[in-house]
Each structure stands twice: as C-alpha cells, then as structure tokens.
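Engineer: Sharing a structure with you now.
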Amino acid sequence: MNQKTSWDHWLTLIFKDFMTETDPKSGYEILHIYECKKTGFTKATIKIPPCDTIIEKNIRDIVIENEFLENLDKKTIRTLTHIATMEYLNPDCFIVSQKMTGKADNYILEIKSNSDYNTIKKSPTEISKDKTLVARFNSIEANRIGYMAGVLETLREYGALKQGI
C-alpha cells in the first residue's frame, strides 16, 4: 500500500510538472519597451522563463519571428505589432529650415534625421534625385521638396529657352 501511495504521489507530481510546462502563462514576458538612443529603433527587454534569461531585441524583429509570437499572449502581440507598424510608417527625416541662396528661387534645405541625428544641407533638386532620401520623408514634406525642385527646374528651362531664341 505504501508503494502505491508513493507511485500515486510521483504521478501527481509529474502531472503538475507537465501542467506548469504547458501553462500559457509561462511564455515570454516583456519587461520594458524603449527607444534606443544609438539606433533610433524601438526595443524590448524580454524575460525568457526556463532560465530567466533577459534579452534585448528590436520590436520589428520580434514581430516577424514565430518563436517569439508563439510564446506571447494575444494582447502583447497586438501591441507589439502596432508599435512596429507605427515605427515603420513614422518618417525618418524632416525639414528643419530652408534658406534662400543668392539666385532666384534657389533654396538650401537643412534636413535632420531621426535615426542617426545627422543634419544634411542640400538643394531640393539634389534631394529629389535621391529616391531613398525622399522615401524617408512624410508625404507633405516630400511633396514640398518636389514642388521646390520643379519650380527651380522650370526657371532653368525657361532661361535656357530664352537664351536659345
């Protein structure tokens, strides 16, 4: 009888162990979400339960990895996906100032980048020729740059036609 009781006790302990391993609450835990000063990306500090290992990972990387998504609850997945989407849609560059040069309708734009905190000074024509740089602006500022470059190019063409006649 004593042997049967210990066997039942052992089976109960094994079953409890199994239940704690399959418990959905034993997944990854997000400890902290912050914006990295060095890279400009949003990062999360994650606690991984078996060894209580703590790692830091970009939210964009978390959202695309199935291993992480399987171990998070639905509300956390929804929140991280929203943050990653907003980060992706957020413009990286914006116009700080625009200065006129000595020529008519010729501007120099001062552009600041959010990711690397650099400031660039270029003309609208130079910016409009660089498609990767234009893609980093929001639609309103990209349209403004295109308009300024278009006005300048129209004036140059008009001057060339006038001299040719």
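With our numbering, letter number 82 in the sequence shown gets 85, and the count goes up by one each step, no holes. Just so it is clear, CB atoms sit at the ideal spot from N, CA and C, and this is done for glycine as well.
1) For Glu156, which three-state DSSP category applies?
2) Between Ala87 and the rest of its own chain, which residues show a CB-CB distance below 6 Å, the 5 nearest in sequence each way excluded?
3) Give every residue of the same chain whose Cβ lies closer than 7 Å to the Cβ of Glu144, excluding the five residues on either side of it in the sequence, and list them in chain order.
4) Provide the residue span of the alpha helix (DSSP H) that contains Asn69, from first to last.
5) Under the three-state reduction of DSSP, which class applies to Ala138: helix, strand or coil?
6) Within the chosen definition, does the segment 109 to 119 reach the segment 127 to 143 through at least 3 CB pairs nearer than 8 Å?
7) According to DSSP, what are the bridge partners of Phe97?
Structural biologist: According to the data block:
1) Helix, per DSSP.
2) Sequence-distant partners of Ala87 (beyond 5 residues in either direction) whose C-beta falls short of 6 Å from its own C-beta, in its chain, are Ile62, Arg63, Val66.
3) Short of 7 Å from the beta carbon of Glu144, and not among the five residues preceding or following it, lie these beta carbons of its own chain, in chain order: Phe97, Ile98.
4) Note, Asn69: alpha helix (DSSP H), 69 to 73.
5) Coil at Ala138, not helix or strand.
6) By the C-beta criterion, the segment 109 to 119 is judged to be in contact with the segment 127 to 143, since at least 3 inter-stretch pairs fall below 8 Å.
7) The partner list for Phe97 (beta bridge, DSSP) reads Lys115.
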